[in-house]
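Residue numbers (our numbering): 9 to 246.
Shown next, in the form of structure tokens:
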């Protein structure tokens, strides 16, 4: 690698997939909320061909998603909350997010699904079922904790990342229930079920109250606390 230098951040664009969107002419594009944490310049370095090749591999990309991106998103979530509180009081944000944000069409990431399936050994994190058909296809699905599509049209982060730490393997029933706020996850990785006996199907969900999740053997792949907190505060209806 070469010498480091300070690169100015150019116009703010964001595709929801990472902190650095492009690198052209020594200028860096970052997301509209993430740039609040970075400031006007970032430390940069020119890469040689070999190192640039390494960065293009899936192993390095997965390493970013699972190691760096959760922390970046945690900072951005805190900044988002601060901005929302300012707007709730009728104040102007300290720094406006300018420009028209066009929400891109969200596509399911097959790499995310495979990594979540592998981490959870194709087992539902809630009920522990591990069903497989005659063709070798497992029934569980890869669920996002912080939804990849966001939670509203004005969600400043435009959805959660395709990181294993923002995911769980869930059977189809519990995937639907999780996405619709029927249950959520506590900081100790136990389950909290919405206390509403009037719901059709409540009796099937209620027994999981207080139960521990079935989690990966590798603790570094467990759900990140800030994504779990986000689900409790913005998705759970309990």
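Where is the CB? At the ideal position from N, CA and C, for every residue including glycine.
Remember, predicted model here, so these are calculated numbers, not experimental data.
Check, Outcome
"Beta-carbon gap between residue 152 and residue 175 smaller than 7 Å", "yes"
"Segment limits, alpha helix (DSSP H) that includes residue 191", "Counting along the chain, residue 191 falls outside any alpha helix (DSSP H), though it belongs to the beta strand (DSSP E) covering 191-193."
"DSSP bridge partner residues for residue 149 (one or two, in chain order)", "178"
"Proximity below 7 Å, CB of residue 195 to CB of residue 240", "no"
"Through-space distance from residue 173 to residue 231, alpha-carbon basis", "4 Å"
"CB-CB length for residue 207 against residue 133, believed under 8 Å", "The Cβ separation is near 21 Å, so there is no contact."
"Residue range of the unbroken beta strand (DSSP E) whose run includes residue 201", "199-201"
"Residue 121 versus residue 214: straight-line alpha-carbon distance, rounded", "28 Å"
"C-beta contact flag for residue 235 and residue 128 at 7 Å", "no"
"For residue 220: DSSP bridge partner residues", "198"
"Burial state of residue 217, where buried means 16 or more other Cβ atoms lie within 10 Å", "exposed"
"Beta-carbon contacts of residue 229 that lie in its chain and below 7 Å, excluding the five residues immediately before and after", "127, 172 and 173"
"Buried or exposed by the 16-neighbour rule on C-beta atoms within 10 Å, applied to residue 202", "buried"
"CB of residue 244 within 7 Å of CB of residue 192, strictly", "yes"
"Environment of residue 170 [buried if 16+ CB atoms lie within 10 Å]", "buried"
"Anticipated Cβ contact below 8 Å, residue 125 with residue 156, distance rounded", "Residue 125 to residue 156, Cβ: 16 Å. No contact."
"Counted within 10 angstroms of its Cβ, other Cβ atoms place residue 190 as buried (16 or more) or exposed", "buried"
"Inter-residue Cα distance where the pair is residue 141 and residue 223", "23 Å"
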